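Engineer: The working numbering puts the first residue of the sequence shown at 282, with every later residue one more than the last. Glycine residues also receive a C-beta, built at the ideal position from the N, C-alpha and C atoms. Here the structure is a predicted model, which means the values were calculated and not measured. Here it is, the structure in full.
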Amino acid sequence: MNREVMNAKNVIVQGITGSHGSFHTAQMIDAGTNIVAGTSPGKAGLSVAGIPVYNTIADIKKDMPVDATVVFVPAPFAKNALLEAIEARIPLVVCITEGIPIHDMLEVKNRADAAKVVLIGPNCPGVLMPGLRKLGIIPAAMGLPGSMAVVSRSGTLTYEVAAGLTARGIGQKYIIGIGGDRIQGTSFVDCLSLFQNDPDVTAIILIGEIGGTSEQHAAKYIAQNITKPVYACVAGHEAPAGIPLGHAGAILGSIDESANAKTAALASVGVQTFNSITSLVQSVK
Numbered sequence: 282m283n284r285e286v287m288n289a290k291n292v293i294v295q296g297i298t299g300s301h302g303s304f305h306t307a308q309m310i311d312a313g314t315n316i317v318a319g320t321s322p323g324k325a326g327l328s329v330a331g332i333p334v335y336n337t338i339a340d341i342k343k344d345m346p347v348d349a350t351v352v353f354v355p356a357p358f359a360k361n362a363l364l365e366a367i368e369a370r371i372p373l374v375v376c377i378t379e380g381i382p383i384h385d386m387l388e389v390k391n392r393a394d395a396a397k398v399v400l401i402g403p404n405c406p407g408v409l410m411p412g413l414r415k416l417g418i419i420p421a422a423m424g425l426p427g428s429m430a431v432v433s434r435s436g437t438l439t440y441e442v443a444a445g446l447t448a449r450g451i452g453q454k455y456i457i458g459i460g461g462d463r464i465q466g467t468s469f470v471d472c473l474s475l476f477q478n479d480p481d482v483t484a485i486i487l488i489g490e491i492g493g494t495s496e497q498h499a500a501k502y503i504a505q506n507i508t509k510p511v512y513a514c515v516a517g518h519e520a521p522a523g524i525p526l527g528h529a530g531a532i533l534g535s536i537d538e539s540a541n542a543k544t545a546a547l548a549s550v551g552v553q554t555f556n557s558i559t560s561l562v563q564s565v566k
């Protein structure tokens, strides 16, 4: 992932007039994010937290440039909202919406990749860069400016890591929740590349969970490309097989998808692994 894409200066909110969109727009502004506009079809001319509302992204782009969008559009309409952002070539799309049908996301993912648009999510808490900006719903008070980089499939564990690091006085440059759905935009590997190439990042925390093999892909990438210290915790060591746990993608279908297998893969390439967030946070230097 290109470091420049994370420095979004002009941010919009799709679904800005909804309850979640309006609440988190105000929170993002308070965290230092430059929200310039929002969309809500049929509600052009309104304003939310002093931010003008437009019907479409195309209408916004007639008045101002757009570097990033945060999507709060409900799941039945999220596909069209995401495709609108991709067709508008907005470099960074952060999708908070959960429950988007898998076939919708297959099309969105393919279109985003073809357009070289960075898509974070869906079903994720987004991005917090403490002291700079947030794109999503991670509480800004949990962050502290610094040099640690965090990437996580779990929103709740993202918060737990951030709060724990901050309590210890360990600041963060990036806190990125990539979501736990089966079809994701940005992956662990994309974030690891970003962290490795950012000289301001001194160490990396990776939080995984059962389901899929993205942690094994991350382990292979770490072995070949990452020179910075990596700490990891994979949730779900006691998870039963065949039952989705919390996330659509968090289902244990094979041995390779288990927390034990993922932890072993990460440990085999030199990652410091832990079986709890508490022990990880206490061990980070």
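#1: Do Ile-488 and Leu-438 count as a contact pair if the criterion is CB distance below 7 angstroms?
#2: With a cut-off of 8 angstroms, do at least 3 Cβ pairs link the stretch 308-319 to the stretch 371-391?
#3: Please name the residue, chosen from Phe-476, Leu-475, Thr-350 and Val-562, that lies closest to Asn-315 on a Cα-to-Cα basis.
#4: Should the stretch 442-458 be called in touch with the stretch 414-431, which here means at least 3 C-beta pairs below 8 angstroms?
#5: To the nearest angstrom, how far is the alpha carbon of Phe-358 from that of Ile-451?
#6: Rounding to the nearest angstrom, what Cα-Cα distance links Ile-456 and Ala-330 in this structure?
#7: By DSSP's criteria, Ala-484 is part of a beta bridge. Which residues make up the other side?
#8: What is the DSSP secondary structure of Met-410, reduced to helix, strand or coil?
#9: Do you know offhand how far Val-565's Cα is from Val-515's?
#10: On the criterion of 16 or more Cβ atoms from any shown chain inside 10 Å, does Gln-563 qualify as buried, or is it exposed?
#11: Determine the direct distance from the alpha carbon of Phe-555 to that of Ser-433, and round the result to whole angstroms.
#12: Would you identify the three-state DSSP class for Glu-379, choosing helix, strand or coil?
#13: Can you give me the Cβ contacts of Gly-299 inside the same chain, cut-off strictly under 7 angstroms, excluding the 5 residues immediately before and after it?
#14: For Lys-343, count neighbouring Cβ atoms within 10 angstroms of its own Cβ and tell me buried if that reaches 16, exposed if not.
#15: By DSSP's criteria, Gln-373 is part of a beta bridge. Which residues make up the other side?
#16: When you compare each of Gly-313, Ala-312 and Ile-371 to Gln-295 by their alpha carbons, which one comes out closest?
#17: What span of residues does the alpha helix (DSSP H) with Ile-275 cover, start to end?
#18: Give every residue of the same chain whose Cβ lies closer than 7 angstroms to the Cβ of Asn-291, excluding the five residues on either side of it in the sequence, and list them in chain order.
#19: Sort Glu-490, Lys-543 and Gln-465 by Cα distance to Gln-497 and report the nearest one.
#20: Which same chain residues, not among the five before or five after Tyr-502, have their C-beta less than 6 angstroms away from its C-beta?
#21: Short of 7 angstroms in beta carbon distance, which residues of its chain neighbour Thr-306, apart from the five on each side in sequence? Order them along the chain.
#22: Measure how close the beta-carbons of Ala-289 and Leu-416 come, nearest whole angstrom, since I'm counting them as under 8 angstroms.
#23: What is the C-beta distance between Gly-458 and Cys-376, in whole angstroms, given that I count them as a contact (C-beta under 8 angstroms)?
#24: In the DSSP assignment, find the unbroken beta strand (DSSP E) run with Thr-554 in it and report its ends.
#25: Can you round the beta-carbon distance between Ile-338 and Ala-356 to whole angstroms, since I take them to be within the 8 angstroms contact cut?
#26: Helix, strand or coil for Gly-517 per DSSP?
#27: Looking only at its chain, what residues have a beta carbon closer than 7 angstroms to the beta carbon of Ala-504, apart from the 5 residues adjacent to it on each side?
#28: Is the Cβ-Cβ distance between Val-398 and Ile-486 less than 7 angstroms?
Structural biologist: According to the structure data:
#1: In contact: Leu-438 and Ile-488 (Cβ atoms closer than 7 angstroms).
#2: Segments in contact, no.
#3: Each of Phe-476, Leu-475, Thr-350 and Val-562 was checked against the Cα of Asn-315, and the nearest Cα belongs to Thr-350.
#4: With a cut-off of 8 angstroms on Cβ pairs, the stretch 442-458 is in contact with the stretch 414-431, counting three or more such pairs.
#5: One Cα belongs to Phe-358, the other to Ile-451, and the distance between them is close to 39 angstroms.
#6: Rounded to the nearest angstrom, the two C-alpha atoms are 25 angstroms apart.
#7: DSSP links Ala-484 through a beta bridge to Met-429.
#8: The three-state reading of DSSP puts Met-410 in strand, counting E and B together.
#9: Spanning the two alpha carbons is a distance of roughly 16 angstroms.
#10: Flag for Gln-563 reads exposed.
#11: Those two C-alpha atoms are separated by around 14 angstroms.
#12: Looking at Glu-379 - three-state DSSP - the assignment turns out to be coil, as it is neither helix nor strand.
#13: These residues qualify, in order along the chain: Phe-353.
#14: Lys-343 comes out exposed.
#15: Note that residue 373 is Leu in the sequence shown, not Gln. Secondary-structure assignment with DSSP links Leu-373 through a beta bridge to Ala-349 and Val-399.
#16: Looking only at Gly-313, Ala-312 and Ile-371, the smallest Cα-Cα distance to Gln-295 is reached by Ile-371.
#17: In the structure displayed, the chain extends from 282 to 566; residue 275 sits before or after that span and is not available.
#18: The residues are Asn-315, Val-317, Met-345, Pro-346, Val-347 and Asp-348.
#19: Closest option to Gln-497, Cα to Cα, is Lys-543.
#20: Around Tyr-502: Val-470 and Leu-473.
#21: Around Thr-306, the same chain offers Val-294, Ile-297, Ile-316, Gly-319, Val-329, Ala-330 and Ile-332 as residues with beta carbons nearer than 7 angstroms, after the five sequence neighbours per side are excluded.
#22: About 7 angstroms separates the two Cβ atoms, so the contact holds.
#23: In fact, because the Cβ distance is near 11 angstroms, the residues do not count as touching under 8 angstroms.
#24: Looking at the DSSP string, the run of the beta strand (DSSP E) that includes Thr-554 is 553-555.
#25: About 19 angstroms; that fails the 8 angstroms criterion.
#26: Gly-517 falls in the coil class under three-state DSSP.
#27: Sequence-distant partners of Ala-504 (beyond 5 residues in either direction) whose C-beta falls short of 7 angstroms from its own C-beta, in its chain, are Val-550.
#28: Not closer than 7 angstroms, so no.
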